[in-house]
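Residue numbers (the working numbering): 5 to 311.
Here the structure is laid out as structure tokens; the discussion comes afterwards.
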Amino acid sequence: MFEIILFLTFAVLSGVQPLLVKWFMPTTVKRNVIILCQELVKLIISLLVLLITSDYCIDIPDWTFKSAIVAAGVPSIMFVIQNHCNLFANQILQPVTFVVLNQTKIVWTAVWCFLLLKQSQSTIQIISLLLVIVATLYLRKILPLSKPKNTINNSERVLSLGVTLALFASFLSGLSGSMSQLTLQVNNRNPHLFNIELSIVSIVLLIISTMGTSIFGGSGGSGRWTWQVWIPIVTQAFSGILVGLVTKHLGAVTKSFGNIFGIAISSLLQQLLLTDRKSGQDGLSIEELVGACLCAVSLWLHVTNPI
Numbered sequence: 005m006f007e008i009i010l011f012l013t014f015a016v017l018s019g020v021q022p023l024l025v026k027w028f029m030p031t032t033v034k035r036n037v038i039i040l041c042q043e044l045v046k047l048i049i050s051l052l053v054l055l056i057t058s059d060y061c062i063d064i065p066d067w068t069f070k071s072a073i074v075a076a077g078v079p080s081i082m083f084v085i086q087n088h089c090n091l092f093a094n095q096i097l098q099p100v101t102f103v104v105l106n107q108t109k110i111v112w113t114a115v116w117c118f119l120l121l122k123q124s125q126s127t128i129q130i131i132s133l134l135l136v137i138v139a140t141l142y143l144r145k146i147l148p149l150s151k152p153k154n155t156i157n158n159s160e161r162v163l164s165l166g167v168t169l170a171l172f173a174s175f176l177s178g179l180s181g182s183m184s185q186l187t188l189q190v191n192n193r194n195p196h197l198f199n200i201e202l203s204i205v206s207i208v209l210l211i212i213s214t215m216g217t218s219i220f221g222g223s224g225g226s227g228r229w230t231w232q233v234w235i236p237i238v239t240q241a242f243s244g245i246l247v248g249l250v251t252k253h254l255g256a257v258t259k260s261f262g263n264i265f266g267i268a269i270s271s272l273l274q275q276l277l278l279t280d281r282k283s284g285q286d287g288l289s290i291e292e293l294v295g296a297c298l299c300a301v302s303l304w305l306h307v308t309n310p311i
């Protein structure tokens, strides 16, 4: 029951987050500032939970700087590289191409879980992984059931670079997720301690990346900061904490399923809350309904057919 609640909470937060950003986050706020605040909030919450649960009495005496670097340093660096690759790939590729390539990360996660954790997938589970990619494409309306739009040609060299970056980012996503699962499950590291380590390393990397520039000033500065800005920051921090818990208790592959379900929830909420009803487009599209159904079927297949 705990695992079900954990999975659903993670999926709901992933789905609600884009709406909270749209409603409460000014476009003028620098991305580095947002990420820095998120990591600080995640650090504080994880530290409080660690202290309240008295887990620090067990974990802190055995803690070493080397173990922290091995556990959190490498995944954090991978996250930074992955984010930059995704940023450049998103700028180069058409949105359709980028989303398709980005969804291969769930396959890479399964591959790395097999290589690092010796977790094999049954034939039906492999089919479910491919099915969830198709579900995502329907949710993003990349596999339309209506007349497709014209596409824009890109130069072959630029397109090749974008594809390479997107695939490399998916590769790193699968590797970092599997390494996190190895740390949390096999090495039995406390997820709250792991989140603290990840946040500290991420904060250090963010500070280094912004050295020599004004974090809050300049072009695209801090904008108007109100208390509402902290709503998506706090929810994203909680979502980051749940990533560690879901990975520890359910695994990196199931975490990827949670992200896909978040897309389905986000599509549903956007249709219900953001669609202009005067335009007559106040219902879910066929693509979104098909994608949501495929998500449910793929998760059921994966959970009920272990090797």
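In this text, a Cβ means the ideal position worked out from N, Cα and C, and glycines have one as well.
Drop a sphere of 10 angstroms on the beta-carbon of residue i, count the other beta-carbons inside from all chains shown, and report buried for 16 or more, exposed for fewer.
| i | result |
| --- | --- |
| residue 15 | buried |
| residue 112 | buried |
| residue 106 | buried |
| residue 246 | buried |
| residue 297 | exposed |
| residue 49 | buried |
| residue 268 | buried |
| residue 169 | buried |
| residue 73 | exposed |
| residue 86 | buried |
| residue 90 | buried |
| residue 232 | exposed |
| residue 11 | buried |
Straight-line CA distance for residue i to residue j?
| i | j | result |
| --- | --- | --- |
| residue 142 | residue 275 | 15 Å |
| residue 53 | residue 164 | 46 Å |
| residue 23 | residue 81 | 28 Å |
| residue 115 | residue 303 | 18 Å |
| residue 161 | residue 92 | 14 Å |
| residue 240 | residue 140 | 21 Å |
| residue 173 | residue 166 | 11 Å |
| residue 273 | residue 20 | 8 Å |
| residue 250 | residue 190 | 14 Å |
| residue 248 | residue 127 | 27 Å |
| residue 234 | residue 26 | 13 Å |
| residue 243 | residue 196 | 13 Å |
| residue 138 | residue 299 | 9 Å |
| residue 237 | residue 199 | 16 Å |
| residue 125 | residue 261 | 15 Å |
| residue 214 | residue 84 | 13 Å |
| residue 285 | residue 295 | With a pLDDT of 49 at residue 285, under the threshold of 50, the modelled position of this residue cannot be trusted; read the value that follows with caution. Rounded to the nearest angstrom, the two C-alpha atoms are 18 Å apart. |
| residue 270 | residue 194 | 30 Å |
| residue 222 | residue 29 | Because the pLDDT of residue 222 is 44, which lies under 50, any placement of that residue in the model is unreliable, and the number read from its coordinates should be weighed accordingly. Going by the C-alpha atoms only, they are around 18 Å apart. |
| residue 315 | residue 51 | What is shown of the chain runs 5 to 311, which leaves residue 315 out entirely. |
| residue 135 | residue 230 | 42 Å |
| residue 56 | residue 290 | 47 Å |
| residue 97 | residue 88 | 14 Å |
| residue 70 | residue 293 | 48 Å |
| residue 155 | residue 9 | Since pLDDT at residue 155 reaches only 47, below the 50 mark, its modelled position is unreliable, and no value is offered. |
| residue 18 | residue 265 | 8 Å |
| residue 37 | residue 277 | 28 Å |
Rounded to whole angstroms, how far is the Cβ of residue i from the Cβ of residue j, which I believe are closer than 8 Å?
| i | j | result |
| --- | --- | --- |
| residue 3 | residue 256 | As shown, the chain starts at 5 and ends at 311. That puts residue 3 outside it, with no answer to give. |
| residue 132 | residue 306 | 4 Å |
| residue 109 | residue 177 | 4 Å |
| residue 79 | residue 202 | 7 Å |
| residue 309 | residue 129 | 6 Å |
- Message: Three or more C-beta pairs under 8 Å: does that hold for the segment 193-209 against the segment 38-50?
- Response: yes
- Item | beta strand (DSSP E) runs wholly inside the segment 22-51, at least 3 long, in chain order | DSSP runs (the beta strand (DSSP E)) wholly in the segment 22-51: none.
- Query: Is the segment 22-37 close to the segment 178-187, with three or more CB pairs under 8 Å?
  - Reply: Under the Cβ criterion (8 Å, minimum of three pairs), the segment 22-37 does not count as touching the segment 178-187.
- At 4 residues or longer, and completely inside the segment 96-134: list those alpha helix (DSSP H) runs for me, N to C. 99-106, 109-121
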